Every structure is written in C-alpha cells, then in structure tokens.
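Remarks on the structure that follows.
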Amino acid sequence: MTFQGRPEASEEEYMSEQMSGAKSLIRALECAGVDTVFGIPGGAILPAYDPLFDSTQIRHILVRHEQGAGHAAQGYAVASGKVGVCMATSGPGATNLVTPLADANMDSVPIVAITGQVSSGAIGTDAFQEADIRGITMPISKHSYLVTDPDQIPRVIAEAFHIASTGRPGPVLVDVAKDAMQAMTTFEWPAEVSLPGYRPNIHPHGKQVREAARMIAASVRPVLYVGGGVIKARASQELKILAEMTGIPVVTTLMARGAFPDSHELHLGMPGMHGTVAAVGALQRSDLLICLGARFDDRVTGRLDTFAPEAKVIHADIDPAEISKNRTADVPIVGDCREVIADLIVALQTELDGGASPAFSAWRTHMQSVAKRFPLGYEVPEDGSLAPQQVIERIGKFAGPDATYVAGVGQHQMWASHFIGYERPTSWINSGGLGTMGFGVPAAMGAQVARPGETIWAIDGDGCFQMTNQELATCALEGIPIKVAVINNSSLGMVRQWQTLFYDGRYSNTDLHTGADKAVRIPDFVKLAEAYGCVGLRCERAEDLNGVIEKAMSITDVPVVVDFVVNPDAMVWPMVAVGTSNDDIQVARDMAPDWDDDYLGAEL
Numbered sequence: 004m005t006f007q008g009r010p011e012a013s014e015e016e017y018m019s020e021q022m023s024g025a026k027s028l029i030r031a032l033e034c035a036g037v038d039t040v041f042g043i044p045g046g047a048i049l050p051a052y053d054p055l056f057d058s059t060q061i062r063h064i065l066v067r068h069e070q071g072a073g074h075a076a077q078g079y080a081v082a083s084g085k086v087g088v089c090m091a092t093s094g095p096g097a098t099n100l101v102t103p104l105a106d107a108n109m110d111s112v113p114i115v116a117i118t119g120q121v122s123s124g125a126i127g128t129d130a131f132q133e134a135d136i137r138g139i140t141m142p143i144s145k146h147s148y149l150v151t152d153p154d155q156i157p158r159v160i161a162e163a164f165h166i167a168s169t170g171r172p173g174p175v176l177v178d179v180a181k182d183a184m185q186a187m188t189t190f191e192w193p194a195e196v197s198l199p200g201y202r203p204n205i206h207p208h209g210k211q212v213r214e215a216a217r218m219i220a221a222s223v224r225p226v227l228y229v230g231g232g233v234i235k236a237r238a239s240q241e242l243k244i245l246a247e248m249t250g251i252p253v254v255t256t257l258m259a260r261g262a263f264p265d266s267h268e269l270h271l272g273m274p275g276m277h278g279t280v281a282a283v284g285a286l287q288r289s290d291l292l293i294c295l296g297a298r299f300d301d302r303v304t305g306r307l308d309t310f311a312p313e314a315k316v317i318h319a320d321i322d323p324a325e326i327s328k329n330r331t332a333d334v335p336i337v338g339d340c341r342e343v344i345a346d347l348i349v350a351l352q353t354e355l356d357g358g359a360s361p362a363f364s365a366w367r368t369h370m371q372s373v374a375k376r377f378p379l380g381y382e383v384p385e386d387g388s389l390a391p392q393q394v395i396e397r398i399g400k401f402a403g404p405d406a407t408y409v410a411g412v413g414q415h416q417m418w419a420s421h422f423i424g425y426e427r428p429t430s431w432i433n434s435g436g437l438g439t440m441g442f443g444v445p446a447a448m449g450a451q452v453a454r455p456g457e458t459i460w461a462i463d464g465d466g467c468f469q470m471t472n473q474e475l476a477t478c479a480l481e482g483i484p485i486k487v488a489v490i491n492n493s494s495l496g497m498v499r500q501w502q503t504l505f506y507d508g509r510y511s512n513t514d515l516h517t518g519a520d521k522a523v524r525i526p527d528f529v530k531l532a533e534a535y536g537c538v539g540l541r542c543e544r545a546e547d548l549n550g551v552i553e554k555a556m557s558i559t560d561v562p563v564v565v566d567f568v569v570n571p572d573a574m575v576w577p578m579v580a581v582g583t584s585n586d587d588i589q590v591a592r593d594m595a596p597d598w599d600d601d602y603l604g605a606e607l
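Residues in the sequence shown are numbered consecutively from 4, following our numbering.
If you want it as structure tokens, here you go:
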C-alpha cells in the first residue's frame, strides 16, 4: 500500500513524527485512504476519538447502534468499491459488531472493524467491558488482530486493509488495547505489506482454462451459473462478452443480481429456492455448469444429491476452499473471475478457430421458451388493496436502473430481487448468506454516503425495519437522504408463509400489529419517521401508489419513509421447499410446472 494521506507537513516529517498510539491509529487510517468511519465512542476506544476529532480527511458518522455501524460499513464498501470502516469500544460495543462481521464474511464484503480493548495488563481478568473479541470473531472474519504494542499499529492497519480487499474480500478485525493507544510511539507507515503466508492466486492455470474451453465446446446444454464473485472481480463486462460470444444462457444468483443485465435475452433470471422456473430448470437439465464465483449454496441447489444430475462442472473461484466443497468440480479453476473469464474467451476463440462448432441454439431457444411460458407474476387484490410485488415493481419503474436498491431479509427481499430490473453491478445490495434482518436501513445509509448524488431505496419489511430503524436519526442529522419503503404486511412475512404452507396456518407469534388493524398500529411508522426527523408517508390503496412514490422521489434533502400497507396473504413464488429437489419447484400453491423434457432428446 502507498501513502495516501494529505498532511500539511512534508511526507517525511509526517512519517517520523512522535505521537500517541491513538494518533498513530488515526494517521494509519488516513494513510490507508479512509474517508468515512461509522462508529460510537466508549471507554476503551475513547483515546482514538480525540485525534479523530482533528482529522480533516476522515468523516466520522455517529450511529445509534454498533450493528448499524457494521452494516453501514458494508453498504459503503459495496457501493464505493473501497474498504468500509467501523469503530466500536470494548465488550458490548465490540460484540454488537459480531453480526455485521459474520454477514460480511458470508457475502465477501471488505470491511475493517476497529475496536478498543481494555488495557493489556487487564486482559484475561474479566475487567469492566472486557470481551475476547479477537477470539469471538476468528471463525467469522477473514483475519483478526489484537494489538498491545503501539509501534505495531501502522503495520497492522496496513495489513488489515490489504487482507480485507484482496483475494476473496472479507472482514478484518483490529482490536487495540487502551494502553497501546495511550503510549507514545514513532509513526512509521510500511513501504509495502509483506505477508509470506498470504498469497491469493489471481491468475488461473492455463491448462485448466483450456480444458474448460474444450468442455464448453463439446457440451450441448451449458449454463453460465454466475455468483457474486463476478461482481467482486468487476468482471461484468467480460461476462457479457463471453455470454454473447457463445450464446450460453445465464443465471445470476441473489448475490449476482446486476452482474448480467436483466433485459438481456440470454438472461434466465435468478436460480434457487425462490428462483425463476427457467433458471432453476436450466440448471437441473444442464449437461455443463460453468460456475463463476458462486459456491453451490444450499438455497441454490435444493437437495444437493438431486441438483443438476446430468451436469459436469467447471468451477472457477478465487477461494480454493470453495471449489468442490459442495459439488465436485470436473475442472477446478482457482483465480480471479475477471482473469478467468478473459482467459476463457481467448481459449474458446482458439477452439472455434480450430474447427469446433458448438451447437447451443436449440437449448437456448428452448430455455427462452420456458422463460416465456413461466414468467414471474402476481395477483392484484380485487379490493383495491396493495400487492407487495406491485409496490416494489412500481418503485423500480419510477427510480429506474440508475438507482441503488438495498434490501433486508425475507419476502420483500425476494420480491425486490425479482420485480426490479437490475442492469448494472452493485445496484442491488442485500444480506445473502447470513440472511440478517435489520440489514436494510443501515446498509442503505452506508451506500448513500458512498454515492451522495444517487437515489438509494431501502426495500424493507416491517419486521426488519424495527430492528435497526434508529439509524434514521443518524441519516436525518448527517444529511443522508435515503428512501425507505416499508412493505408492511403486519407480520414476519416469510415465517408466516412457511406457517401457511407447512404448519396448517397456525400463525404462532408472527403478527406484528403494524398495519392490518388501523386502530392498533404499534408503532405508527409515519409518526415514527417524523419523530426521527424524516418525512413519513403512507399508502394503502393501489389508486394512490403512483402519487405517493412520486412524492417520495421528489424529496431529496431529508430521509423519507413510506409505510406501504399491503395484503398479508401474499406469498413468494416460485418456491422450492427446504429439503426437496429443485425438480419439485412450485409456481403457486399446489402448482408445479410441466417441464416438457422433449429437449433432452437426440436432436440436442
């Protein structure tokens, strides 16, 4: 890493100055190029907040809960392409970061969490607000540090940012003892980061790429199974070239929405538990899966031993631990997806120049016909009330593909992934692997900070919203004008859907009383928004939908919360029940598609 700070003194003076460990910490963050930190001060981290007060480079955003700081750092990281940074004190401050760290680890989001720790002499004594946060986070972070020597602070910060942002991105924790921040040291930013045991393999092996090209040329029913690794590698353009060059159908996972344009004729949609019939069917009937930056997650595969039974597998991923973890790869390729796809394009062209003539047209035509026969859809209530899908679809139409959409977890997340068109990478931000309720509002806040002039919509559920909506105060005070659509079905919607389908409609503890009964709205989201200094709006009927969204879109200087009171009985379809085969996908309750397996015949 190189020097990135902007001190008034010369760089030489800046780099050899005597200072406290706390000032060294802030100086190191400046040298790492940090411009935003989300955090809350407390006793053990307090020494760092004094020099932070004087920093002209770093904007500190005071959140209302440490979990909000972590998710905001995630949203900032995805939206900016930089490492997100959050800061907390020891004990409960640090443990409140556990969920965002686990979330970032699952979804490969680069963040660095700085936590204060009790003085080194008190470590292990159960001192006030002591927690072994390094030990706690070791299984859920890419790496974690405990710093007790102030001289080591710059090196550790440089390493943390390098580890978080290279290879498979992920979260790094830096826990700094209070006495290390209070002691004096000489600041010395490392000229380079040297980690002999950490060497991510960026470039794929040529032999494996050539074998993959031969396998593709020989296949009949290939599918490009695209995961979030393509977005992390900034490989969307290369993916588009590969798909158009070969004519191979594309499916994009929940974490890869936007990696390939939804409007493209080769795109079949999202696969998995709530995927499109065409995407799920293409994977199931494929004879070759070209897996790029995906990990054969259980929500995609369904019952693993029935997943894509006839398919060979090319699996490319920057993380060698993912390859053959769930599904054995016939051709494993370790490398950055951008490098892999670029090399694969060259290798395929060599195959074509050598006389290979792959015939995918019949397969492609058939899958496109399946997509037309089984489009995504929903029923509009006859009583004039709102269908949640209708609300989300209309927001997408008004805000358009240039907006960024951030979702919580649950039914609204699935509807947002389906009924908004994503045409570019990082226009969709959500909690995928961990499925963290409460992700939406703080992540949208972080995304808005990273993209100050862009429209940011948080698509949230009334359950998710109540977990982290205190960050609306942060947004109002800091001038962060996010827009929040609360899809208010007065219940924990996805849990209620499962209770409907698998528990005979026994709705045990899923009614939140937030919208269905106008006389009992606890809380009233409009009043809550206003109490937080935001604009609060409500929409309950389809006839008012356009006007309310237009009003929300017209407000650009303060946060806006719209309480969309929707039908509580709406369900997410299609659906593959947990533990079943993807072949058992249902397009509605008790309705399965006719797969029409004629395309498996000899003509293909």
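Just so you know, even glycine gets a beta-carbon here, dropped at the ideal spot from N, CA and C.
All values reported here derive from a predicted model rather than from experimental measurement.
For residue j and residue i, the rounded distance between their alpha carbons
i	j	result
Q21	T39	25 Å
A130	A72	25 Å
A285	R367	9 Å
N585	T503	21 Å
A25	A35	15 Å
A282	R217	24 Å
I143	A116	12 Å
A595	P95	48 Å
Q416	A410	5 Å
T477	L347	46 Å
L379	T279	7 Å
A324	I251	27 Å
R202	P153	27 Å
I48	G42	10 Å
C542	A183	54 Å
A532	V565	9 Å
D463	R298	26 Å
V334	A221	14 Å
A97	E268	47 Å
D514	S493	6 Å
L176	S23	21 Å
I588	D527	38 Å
D547	D572	21 Å
T140	Q155	21 Å
Whole-angstrom C-beta distance between residue j and residue i, which should lie under 8 Å
i	j	result
A461	C537	Not quite, the Cβ-Cβ distance comes to about 12 Å (not below 8 Å), so this is no contact.
E491	G518	Correcting the residue identity first, residue 491 is Asn in this sequence and not Glu. Confirmed, Cβ separation roughly 4 Å.
F422	E385	20 Å between Cβ atoms; not a contact.
V81	L32	Their Cβ separation, rounded to whole angstroms, is 20 Å, which puts V81 and L32 out of contact at 8 Å.
A91	E69	5 Å
G449	Q60	Between Q60 and G449 the Cβ distance is about 18 Å, and since that is not below 8 Å, they are no contact.
I344	L245	5 Å
Limits of the unbroken alpha helix (DSSP H) element including residue i
i	result
W3	This structure gives no information on residue 3, because the portion of the chain shown stretches from 4 to 607.
D53	49-57
R397	391-402
Q451	443-453
I29	24-34
R62	Unbroken run through R62 is the beta strand (DSSP E), 62-65; no alpha helix (DSSP H).
Residue of the options minimising C-alpha distance to residue i
i	options	result
P339	H270, P378, G170	Going by the sequence as given, residue 339 is Asp instead of Pro. Among H270, P378, G170, the Cα nearest to that of D339 is on G170.
W192	S364, T583, I160, G261	I160
V551	V394, A447, V101	V394
G296	A259, V303, G305	A259
T255	A221, T583, C294	C294
W431	V101, L307, K554, P264	P264
T439	K243, A107, F363, R62	A107
N204	V253, A319, H277	A319
M609	G435, D593, V487, K554	Only positions 4 to 607 of the chain appear in this structure, which leaves residue 609 out of reach.
K554	I398, V373, Y408	I398
F190	R30, S360, D507, F401	R30
A534	V568, E474, T559	E474
Residue i, enclosing beta strand (DSSP E) - first and last residue
i	result
Y408	407-410
F567	563-568
T249	No beta strand (DSSP E) holds T249; the alpha helix (DSSP H) holding it covers 239-249.
Q187	Residue 187 is actually Met in this sequence, not Gln. Its beta strand (DSSP E) spans residues 187-189.
A545	A545 -> no beta strand (DSSP E), and no H or E assigned at all.
H421	First-last for H421: 414-422, but that is the alpha helix (DSSP H), not the beta strand (DSSP E).
T39	39-42
T255	253-255
*Of all the beta strand (DSSP E) runs that stay within the bounds of the stretch 492-536, which reach a length of 3 or more residues?*
The qualifying runs do not exist here; there are none.
*Taking only runs that begin and end inside the stretch 77-125, name each unbroken alpha helix (DSSP H) of 4 or more residues, in chain order.*
If you keep only unbroken alpha helix (DSSP H) runs of at least 4 residues inside the stretch 77-125, you get 95-98, 101-110.
_Every unbroken alpha helix (DSSP H) within the stretch 116-173, with a cutoff of 4 residues, ordered by chain_ = 136-140, 156-168
*alpha helix (DSSP H) runs wholly inside the stretch 284-366, at least 4 long, in chain order*: 301-304, 340-356
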